[in-house]
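So the protein sequences, as listed, match chains A and P.
Numbering of the first sequence is given in the working numbering, commencing with residue 1 and proceeding in unit increments.
Numbering of the second sequence is given in the working numbering, commencing with residue 151 and proceeding in unit increments.
Protein chains: 2
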Amino acid sequence: MTVERRYTALIERLKHAGLRPTRQRLALAKLLFDPAAAALDPSARDRHITAEQLHDEAMSAGQPVSLATVYNTLHQFTEVGLLREVVVEPGRSYFDTNVSDHHHFFFEGDGRLLDIPGEQIRLADLPPPPPGSAIRRVDVIVRLSESESD
Amino acid sequence: MTVERRYTALIERLKHAGLRPTRQRLALAKLLFDPAAAALDPSARDRHITAEQLHDEAMSAGQPVSLATVYNTLHQFTEVGLLREVVVEPGRSYFDTNVSDHHHFFFEGDGRLLDIPGEQIRLADLPPPPPGSAIRRVDVIVRLSESESD
DNA sequence: TTTTTCGTTTAGAATCGTTCTAAGCTGTTG
DNA sequence: CAACAGCTTAGAACGATTCTAAACGAAAAA
């Protein structure tokens, strides 16, 4: 079945990343990477989610996972490149299912994040990294507020 | 005297921002904006400091200020534009004494921040802000790691 | 199979940075 | 000098995250 096939793909993805496909990790991977299974608009592939949110989703999906495991899993997924951590607000971390080169709009009003495709921002004249260090990543955060005119 | 004159300038700066120049606020302002008084290399004008650090500095400078006041003051200074908050790590806020247009190198190893003058990065093709919102600021964070080749 | 091993999960406690609370101060104004 | 508003404070509270130590489970070895 399609569903079966989908799970197999996720299992392979985890194995390939060196992570044992446990029940918990699979459940979280489904919620993160399989919008259909998560009853989401399939076009909404790029999710920006907090640990707390993912925990809630897992619970209401009938896949109880402890909060500690959610944290562990999010960090492991990030380490192996399945997720990317986005830091925009003090005291709260978002995890982004879009790991391709891109940037973010951040709505200061409601804390929402919106992807900006990488090609849509061109960074010219990046200064060279200080000696002894290498550029790991460049994050551009465009901070938005409600505009007074509408 | 020079020192007297310097304090006067700081007092004026606070008053002008609508903040009563209390003993505590003056002490913190001195540490933040007056490198000489803080026994710092005067060329090191751009400080990236956490509340905890500033609290420690005030204590060891013989100007006891409660941690709550440090937080209050940092936020007030930020509101009136004397400081700028920089968010790069989950669970820790830095306050930047450089409020001009600029960006940051962030050393993932030790959590240090280094300013990149605004002119040194050119952002081309910034996408328009979504309807109903306005761009408040654009933050560029160049994340660095130790380079393997020294 | 069964056993063993070692990674994984867990509840709950602990921790960390930050914010809140409620009381006392301080300093300005009338 | 009375009275008010603003400021500071210690300590409690908070929310997100991490830690702990014990139980569990997947999969390799026997």
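Ideal Cβ positions, reconstructed from N, Cα and C, are used throughout, including at glycine.
Keep in mind the model is a prediction, meaning the values are calculated, not measured.
Subject >> Start and end residues, beta strand (DSSP E) containing Ala134/A >> reply: Taken as a continuous stretch (DSSP letters only), the beta strand (DSSP E) holding Ala134/A covers Ser133 to Glu146.
Subject >> With 16 other Cβ atoms within 10 Å as the buried cut-off, status of His16/A >> reply: exposed
Subject >> Glu79/A: contacting residues in chain P (beta-carbon distance under 8 Å) >> reply: Listed by position along chain P, the residues whose Cβ is nearer than 8 Å to that of Glu79/A form an empty set, because the closest Cβ is around 13 Å away.
Original post:
Hey, is Leu160/P's beta-carbon within less than 8 Å of any beta-carbon in chain A?
Top reply: No - not a single Cβ of chain A is within 8 Å of the one on Leu160/P.
**OP:** Assign Arg112/A to one of three DSSP states: helix, strand, or coil.
**Re:** strand
Original post:
Glu162/P: buried (16+ other C-beta within 10 angstroms of its C-beta) or exposed?
Top reply: exposed
**OP:** Express the C-alpha separation of Glu298/P and Thr219/P in angstroms, rounding to a whole number.
**Re:** So the alpha carbons of these two residues sit roughly 43 Å apart.
Subject >> Cβ of Ile199/P within 8 Å of any chain A Cβ >> reply: no
Subject >> Neighbourhood of Gly168/P by C-beta distance below 8 Å, restricted to the same chain and skipping five residues each side >> reply: Val230
**OP:** Use the C-beta contact count for Ala177/P: other C-beta atoms within 10 angstroms, 16 or more gives buried, fewer gives exposed.
**Re:** buried
Original post:
Excluding the five sequence neighbours on either side, which residues of its own chain have a C-beta within less than 7 Å of the C-beta of Pro117/A, listed in chain order?
Top reply: His102
Original post:
Roughly how far, in whole angstroms, is the beta-carbon of His48/A from the beta-carbon of Val86/A, given that I think they are within contact range, below 8 Å?
Top reply: 7 Å
Original post:
Taking 8 Å as the CB-CB cut-off, is Leu176/P touching chain A?
Top reply: no
Subject >> N-terminal and C-terminal residue of the alpha helix (DSSP H) that Asp56/A is part of >> reply: Ala51 to Ser60
Original post:
Is any beta-carbon of chain A found at less than 8 Å from that of Gly282/P?
Top reply: yes
**OP:** Step through the CB atoms of chain P and report whether any lies within less than 8 Å of the CB of Gly91/A.
**Re:** yes
**OP:** Please check the pair Pro127/A and Gln270/P, which I expect to be a contact at CB under 8 Å, by giving their CB distance rounded to whole angstroms.
**Re:** 5 Å
Original post:
Rounded to the nearest angstrom, how far is the Cβ of Leu32/A from that of Thr97/A, given a contact under 8 Å?
Top reply: 6 Å
Original post:
Since Glu229/P is in the alpha helix (DSSP H), which residue starts that stretch and which ends it?
Top reply: Segment Leu217 to Glu229, the alpha helix (DSSP H) holding Glu229/P.
**OP:** Below 8 Å between beta carbons is the criterion; list the residues of the segment 113–143 of chain A that meet it against any residue of chain P, in chain order.
**Re:** Leu114, Ile116, Gln120, Ile121, Arg122, Leu123, Ala124, Asp125, Leu126, Pro127, Pro129, Pro130, Gly132, Ser133, Ala134, Ile135, Arg136, Arg137, Val138, Asp139, Val140, Ile141, Val142 and Arg143
Original post:
In this structure, what does DSSP give as the bridge partners for Glu89/A?
Top reply: Arg92/A
Subject >> Beta carbon of Asp125/A nearer than 8 Å to that of Arg234/P >> reply: No, these two residues do not count as a Cβ contact at 8 Å.
Original post:
With C-beta atoms as the reference, is Asp139/A less than 8 Å away from Arg170/P?
Top reply: no
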